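Report on the structure given below.
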Amino acid sequence: MKKKYSIYLGLLASVVMLVSGCASTEDVQILDREDSRLASQVNATHRAMESLKTDQAAFQKQHQKDVADLRKENGASRADLSLRIDNLQSEVRTLTAGMEEYKDFMKRPSKEIEQVRSDATSRTKSLEDRLKASEEKNRLLEERTRRLEDRDKEMEARLLKAIEDRVKPLDSKIDQVASKQSAIEKSVREGEISSEQKASPTTAAVLYREAYEAYQKGDVEGSRRKFETFLGQYPNTELSDNAQFWIGEIYFQKKDYERSILEYEKVVTKYPEGDKVPAALFKQALAFSELGDKTNARNLLRRVVDRYPTSDQADMAKKRLDALK
682 MKKKYSIYLG
692 LLASVVMLVS
702 GCASTEDVQI
712 LDREDSRLAS
722 QVNATHRAME
732 SLKTDQAAFQ
742 KQHQKDVADL
752 RKENGASRAD
762 LSLRIDNLQS
772 EVRTLTAGME
782 EYKDFMKRPS
792 KEIEQVRSDA
802 TSRTKSLEDR
812 LKASEEKNRL
822 LEERTRRLED
832 RDKEMEARLL
842 KAIEDRVKPL
852 DSKIDQVASK
862 QSAIEKSVRE
872 GEISSEQKAS
882 PTTAAVLYRE
892 AYEAYQKGDV
902 EGSRRKFETF
912 LGQYPNTELS
922 DNAQFWIGEI
932 YFQKKDYERS
942 ILEYEKVVTK
952 YPEGDKVPAA
962 LFKQALAFSE
972 LGDKTNARNL
982 LRRVVDRYPT
992 SDQADMAKKR
1002 LDALK
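Rendered as structure tokens:
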């Protein structure tokens, strides 16, 4: 305001000087320069006023935006606060309900609570008793399994011993037959016997011995072929039932239990009077047991006990029957 007032005074002074006519040319020039300067100041003032208005408008716009953002943020905060209050109220209601249930439970008669505790204790004790009974049953089953395994080992040992006891005399007999054959072959070379004598039973004994020696050496397939060749040539000698039995043994050793049962059956049907029948029946029972057929196994074991009570296999069959019960 002071600046505008000074401008007006200057203009007024200039007019007075012109009117009075006492102003010189130099004064006029000074007045022009002063007028130009004043006009420049007026323009600058005008520009400053326009800039001020622009700044004021921008300020008002920013102020309005800040107010709107503040109101929006305030609204969001209120909504979030309201949601939190609702959640807290819900939790308070839940806790209150839980407290009411607990108060109701505590108001129940003490007998009811004791009954619940007694039932829980009883069920726990029952479960513990059942667990102990199960553990005891498993222990007894393991002991029985061990006893059965020991019996099986004992019976197998006895069976092998019985077979060896029977084989030893047979080996001696084979040696005797072989000696006779050597003597006969010597006689043949010397021309002392006829061609009919050359086909004597000693040839069968040698062939049987070769088959049995192959079995002892572990050549079970070679042994089986030799025993089958022996039976093809000599089906009805005193060694034929033994040869048939060893064929069954070879299949049993290979765990071909079905085939071993068939081969043992040939011992029983073809040589019913032979001394290998009890052993063949007993081994048939073992083969059926390995196949899981306990019924046929028990029937065959009883057959051994009933028909051949004095045989070594009868004692083993009795023990095996006890194990199958």
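Going by the numbering used here, the sequence shown wraps up at 1006, each residue one higher than the last. Think of the CB as a built atom: it goes at the ideal place given N, C-alpha and C, for glycine as much as any other residue. Quick caveat: nothing in here was measured; it's all calculated off a predicted structure.
Quick one: measure Cβ to Cβ for residue i and residue j, integer angstroms, because I've assumed they're closer than 8 Å.
| i | j | result |
| --- | --- | --- |
| A966 | R940 | Not confirmed; about 16 Å, so no contact. |
| F926 | V948 | 5 Å |
| F933 | A924 | About 15 Å separates the two Cβ atoms, so there is no contact after all. |
| P959 | S992 | 4 Å |
| A968 | I942 | 5 Å |
| R890 | I931 | That pair is no contact at about 16 Å. |
From residue i to residue j, what distance separates their C-alpha atoms?
| i | j | result |
| --- | --- | --- |
| Q741 | N724 | 25 Å |
| A1026 | Q722 | For residue 1026 there is no data in the structure shown, the boundaries of the chain being 682 and 1006. |
| K999 | R984 | 11 Å |
| Y945 | D922 | 10 Å |
| A892 | G955 | 20 Å |
| N977 | A1004 | 15 Å |
| N917 | K818 | 54 Å |
| G903 | K957 | 22 Å |
| Q743 | R774 | 46 Å |
| E707 | L719 | 18 Å |
| V1043 | K935 | Nothing about residue 1043 can be reported from this structure: the residues present for the chain run from 682 to 1006 only. |
| L821 | A995 | 28 Å |
| E731 | S717 | 21 Å |
| A778 | S763 | 23 Å |
| H727 | Q710 | 25 Å |
| R811 | N980 | 38 Å |
| K746 | D713 | 49 Å |
| D736 | K753 | 25 Å |
| R804 | I766 | 46 Å |
| D987 | E919 | 25 Å |
| S799 | K813 | 21 Å |
| D831 | R825 | 10 Å |
| K623 | K951 | What the structure shows of the chain is the stretch from 682 to 1006, and residue 623 is not part of that stretch, so it cannot be assessed. |
| A895 | M997 | 28 Å |
| F908 | R827 | 38 Å |
| S807 | E823 | 24 Å |
| K975 | E809 | 36 Å |
| K734 | D750 | 24 Å |
| D761 | S771 | 15 Å |
| D900 | G913 | 20 Å |
| Q796 | T802 | 10 Å |
| S815 | N768 | 52 Å |
| S876 | G973 | The predicted model places S876 with a pLDDT of 36, which falls under 50 and marks its position as unreliable; any figure quoted below should be read in that light. For S876 and G973, the distance between alpha carbons rounds to 54 Å. |
| E715 | A729 | 21 Å |
Could you tell me which of the options sits nearest to residue i, measuring between CA atoms?
| i | options | result |
| --- | --- | --- |
| P990 | K734, L962 and K818 | L962 |
| E971 | G955, D937 and N980 | D937 |
| K964 | L982, G973 and Y952 | L982 |
| T884 | Y915, K898 and G899 | Y915 |
Does the beta carbon of residue i sit closer than 8 Å to a beta carbon anywhere in chain C?
| i | result |
| --- | --- |
| A729 | Among the chains in the structure shown there is no chain C, since it carries only a single protein chain. |
query: Which whole runs of the alpha helix (DSSP H) in the region 936–960 are 4 residues long or more, in chain order?
result: Correct list: 938–951.
task: Can you check the region 879–937 for any alpha helix (DSSP H) of at least 4 residues that lies completely inside it and give the ranges in chain order?
output: For the region 879–937, whole alpha helix (DSSP H) runs of length 4 or above, ordered along the chain, are 883–897, 901–914 and 921–934.
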